[in-house]
Each structure stands twice: as C-alpha cells, then as structure tokens.
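Before any comments, here is the structure.
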Amino acid sequence: PSPLTHSRRWMVSAVVALAIALQGATAWAREAPSSFADLAERLLPAVVNISTTQTIKNPERIPEMPQFPPGSPFEDFFKEFLERQARPDAAPKRATSLGSGFIIDAGGYVVTNNHVISDADEITVTLHDDTTHKATLVGRDSKTDLAVLRIDPGKKNLVAVPFGNSDQARIGDWVLAIGNPFGLGGTVTAGIVSARARDINAGPYDDFIQTDASINRGNSGGPLFNGSGEVIGINTAIFSPSGGSIGIGFAIPASLAKPVIDDLKQYGRTRRGWLGVRIQSLDPELAESMGLSEPKGALVASVNPGGPADKGKLKPGDVILKFDGREIGEMRKLPRIVAETAIGKTAPVEIWRDGKRATIEVAVGELPEEPEEVASKTPDKPQPQAQGQLVPGTGMTVSPLTPALRERFGLEEDAVGLVVTDVKDGPAAEKGMKPGDVIIEAGNKPIRTAADLVKAVEAAKASSQKFLLLRVENPQALRYVALPLAAGKTK
C-alpha cells in the first residue's frame, strides 16, 4: 500500500474513534445530567399529597393505670383522667396521616399505597397548586400494597404521568423520587437504582427496586421516575433504624404494579392467576435427593384437589422448572409469574419428575378469596412422655397415629402416616423436624409403620444415597425434607 493509503486509513480510524468518544460523552451527559430541574418541573404537577382522617372510638375498658407508691397524689389524678378517657359519652378522636400519590390519567385516577389510606374514613388529595379534592376509593390490594383513588377535577386539566418499563431499569441508573415527606409537600430527591428484585418479606409478590434516593415518612405512595420521566416504581418502604432516610428505600416495580392497577380500575379488585399448589424452595440436599444438578425451581409439596394443577396432572414431588416459558430460578418467582398470567390461559409447565424433564399444560384459574383460617389448638394439659420407636441414625421417635396422638398434636381425623413424638440432636433436628410432624412418604413410598421407615432408611443407605426424601405434614404446612443419612447400616 502507498503512504497515502496509510494516511487515509489513519484518518478514518481517527474519525471513528472521535465519533465513538463523542457518542460516549453524549450518553454520559444523558445519564448524568448537570441538573434535574427541567425534569422535576415537568413531573411535579402530577404528584399529589394525600391526607386521611380516621375516627377512633373510645376504648371499651379503662387502660391499666401506672403503679404509684401508696398514698401518692398522682394516683387519684391518673384514675380520674383514665376514667374520663374511657367514658362511653366521650367524643371520639380523629387521627390523621399523610402520604403521597400520583395522577395516572386526566380522568382523576390517583395511585398510592394501600397502607396510606388503610382504615381511612375520609381521603383528601392536594394537588401541586394547593387545591384540595375529596377522593373516593376505587380499589385496593393488600398483597402488593397498592390502592387506586379517584377525584373529580371538574374543568381542571390534570397532569398525568405514564408508566415505564421497570424491567429495563439497570443497577446504577439515575432515578428521581417525588413525594410528601413529613407533610412538607412536593419534594424532589435523586439517586440511583441500588439493587433489583429485593425480597423484604412485605408480601407474597415481593420484587422491590432498591434506591438510595432519599425516601422518608410521607413519601409512601409517591412515584419513582426514570430519566425519561416515566414511573418505574411506587415508593413503599424504607430500611431505617432511626426512622429517617439512610439511603435504603424500596419501590414496587411498575411491571408488578400496572396489572394490579388496571384490575383495580376495571373491577375494583385484583384478579390473579391461580395454579392451586403449595410449593417450597429447593436446597442442595433436596435437589440431590431428586437427581437435580442444582437447586433451582419450585418443589410442589401438595396439590389442591380439583384445582388447575390437579386438572393438569401436576403431582406432589414435581419440581416446576419453567412456567409459560419463563425460568423459575427461585421458588418465590413462581407465585408472581402465575399471578400475572391471564386467567383461562393454557400455559406449558416444564417439570422435573422421576429423574427426567417433562412438559404438561395447565389452564390457569382465578385465585379465590382466601378463606378465614382457624389455628389448631393443642389441649392445655400436661403432655405425655414420648412414645413409639426410635429410628436409628435419625434422632427421632415415631409412632402410628392414634386418637390420643391426634388430640395431643391437633391433627386432622383424615391424617395418615407416622407421627413424630420426639426429636433429639441428630439429622432430623437439623432439618427442623418437630414432634407433631406426620411422615406421609419416605423415598416416594407411603409410610404407615415404624418398620416401614426403618426399611426405607436402610434401603437408601444400601444404595449409597446421602439423603432420604421425606414428605412431611403438620397443621401449618406440607413440605418435603431431605433427611441426611450416615454411612453404613442402621444400628
């Protein structure tokens, strides 16, 4: 090649490098702006303050009076004060609380947290221009802590904000939080997405966005915006030993919130997909005992008779690996994925059964209203000494079910299997087995006598298994347990 060709190549390379540098600089400028003023000015009118009023009736009984030394002058004073507070004719008190929300359409629909308006007698929405409107409750959902309100704006043109795609939010992206902290009114704070998919044990569908944008009391129900001014989260909770912001806030992602909000607007309640199974997570021991290479998926502990899963031929002991084409890496993802699936849709379910993969189809049902659960009560009387047979190498004593043992542990009449009557230090205790647990199966075979269980333990050891898979039930739960086995024969 001639020197001119080299020169041209160098110039082209330089131009390309400059273009890439300029593109990177432009992207950096877009992601890290010198000011959020324009964005805040556009979004503030869509964010509202929410105040609620609740009437608190007088207590039916007098609160316990503080203890004072005999003859103290404070004794008569406090007695008179407390009696006056508990008088039936005394005027009821009114409590108020503050929160945030945002307008989602010009018709006056407002989104907030359920806990902001919970038990409220009156709800007032204050707009950015300080005008106030009485709000009506359209619908609420305690499982996701969301509520939809509606105000009548009259001829006022409301500013609404759209939802964005929270699934596209990346750790490190800039976000803006706007709300009503401590009742101060429209307050803007900025930060980044600190983490995704946080489970803070707030509900069955936890999938929070974590942010370090300052969120305080009163911010609940307010929006978390991305750099384009789209709502990607609803600020809901903070972690704070002091009660103030320490840079750990949590927002419900828009991908979870939007279907719930749409249902609340249309039906006044949430309609969720339902599979009809009780599931548990897989630990390495359970995975190994089932022949899985890694502990991923949701283990089916029980199937509701007549439910969608039962009709689709799902069985206890199946491990759900995929639902409707979506991977179930962790057990807690399945309830959310099923809940988001359209009711009536026939979804493919990839499972692990009997050491191999299989695919079945399940028609998704609608999650029924939860029935009121009555806790089983154990008779308040001295407990008899442990009875039954000790299963060598496990640390637990078991016995066939008898009327006395059913009564002692609050077990149903139709319960079948072996009841654990005592647990000492050993493999069973390490796996959380307790007196009152009923062993239904061992090694996927029904267990009815202590001899059945001893035989199952010895057979598992003889085949060099490290764990024996037990199916265990008690009045609170039905689950699988991978019982560790010591090497050699039981003695």
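For the sequence shown, the numbering used here gives the first residue as 1, with consecutive numbering after it. Yeah, the Cβ is synthetic: ideal placement off N, Cα and C, and Gly gets one too.
If you ignore the 5 residues before and after Gly-164, its C-beta comes within less than 7 Å of the C-beta of Asn-226, Ser-228, Glu-230, Val-231, Ile-232 and Ala-254, all in its own chain and listed in chain order. Assigned with DSSP and collapsed to three states, Glu-473 falls in strand.
By the neighbour-count criterion, in which 16 or more other beta carbons inside 10 Å mark a residue as buried, Thr-96 falls on the exposed side. Judged by DSSP in its simplified three-state form, Ala-120 adopts coil rather than helix or strand. With fewer than three CB-CB distances shorter than 8 Å, the stretch 206-225 does not count as touching the stretch 119-134. Under the three-state reduction of DSSP output, Gly-297 falls in the coil class, being neither helix nor strand. Counting only runs of 4 or more residues that sit fully inside the stretch 97-170, the alpha helix (DSSP H) segments are 114-117, in chain order. For Val-420, the uninterrupted beta strand (DSSP E) run begins and ends at 418-423, by DSSP. The criterion of a C-beta distance shorter than 7 Å is satisfied by Thr-236 and Ile-252. Rounded to the nearest whole angstrom, the C-alpha separation of Val-362 and Pro-348 is 6 Å.
Counting only unbroken stretches of 4 or more residues, the alpha helix (DSSP H) elements lying wholly within the stretch 385-413 are 403-409, in sequence order. Going by C-alpha positions, Asp-119 is about 18 Å away from Asn-49.
In the DSSP secondary-structure assignment, Thr-53 is bridged to Thr-96 and Glu-122. The alpha-carbon of Ile-360 is positioned some 7 Å away from that of Gly-312. When C-alpha distances from Ala-442 are compared across Pro-316, Arg-326, Lys-424 and Ser-142, the shortest belongs to Pro-316. Of all alpha-carbon atoms in Glu-413, Val-472, Ser-142 and Gly-99, the one lying nearest the alpha-carbon of Thr-124 is that of Gly-99. For Ile-261, the closest alpha carbon among the candidates Ser-35, Gly-306, Glu-412 and Thr-112 is that of Thr-112.
DSSP links Ile-178 through a beta bridge to Val-188. Taking a contact as a CB-CB distance under 8 Å, the pair Met-433 and Val-398 does not count as one, their CB atoms being some 10 Å apart. About 6 Å separates the beta carbon of Gly-222 from that of Ala-177, a gap short enough to meet the 8 Å contact definition.
Look at the beta carbons and you see the stretch 197-215 not touching the stretch 289-299: under three pairs across the two are nearer than 8 Å. Contact annotation: Ile-439 and Gly-417 have beta-carbon atoms nearer than 7 Å. When C-beta atoms of the stretch 39-46 are compared with those of the stretch 178-188, three or more pairs fall below 8 Å, so the two segments count as touching. Take the alpha-carbon of Pro-446 and the one of Glu-473: they are about 13 Å apart. Around the beta-carbon of Tyr-267, fewer than 16 other beta-carbon atoms lie within 10 Å, marking it exposed.
Exclusion of the five residues before and after Asn-114 leaves Arg-140, Asp-141, Ser-142, Asp-145, Leu-146 and Ala-147 as the residues of its chain whose Cβ lies within less than 7 Å of its Cβ. Residue Arg-332 holds the alpha-carbon nearest to the alpha-carbon of Lys-296 among Arg-332, Arg-278, Ser-302 and Gly-101. One Cα belongs to Val-457, the other to Gly-249, and the distance between them is close to 49 Å. For Glu-285, the uninterrupted alpha helix (DSSP H) run begins and ends at 284-289, by DSSP.
The Cβ atoms of Val-188 and Ala-301 do not sit closer than 7 Å to each other.
For Pro-427, the secondary structure class from DSSP, reduced to helix, strand or coil, is helix. The beta carbon of Gly-426 sits closer than 8 Å to those of Gly-393, Thr-394, Gly-395 and Met-396, all from its chain and outside the five residues before and after it, given in chain order. In the structure shown, Glu-41 falls within a helical segment according to DSSP collapsed to helix, strand and coil. Out of Gly-306, Asp-38, Gln-465 and Ala-257, the CA that lies nearest to the CA of Gly-365 is found in Gly-306.
Taking each of Val-277, Glu-285 and His-128 in turn and checking the Cα distance to Glu-430, the smallest one comes out for Glu-285.
Beyond the five residues adjoining it in sequence on each side, Asn-444 comes within less than 7 Å, by CB distance, of Gly-317 and Leu-469 in the same chain, given in chain order.
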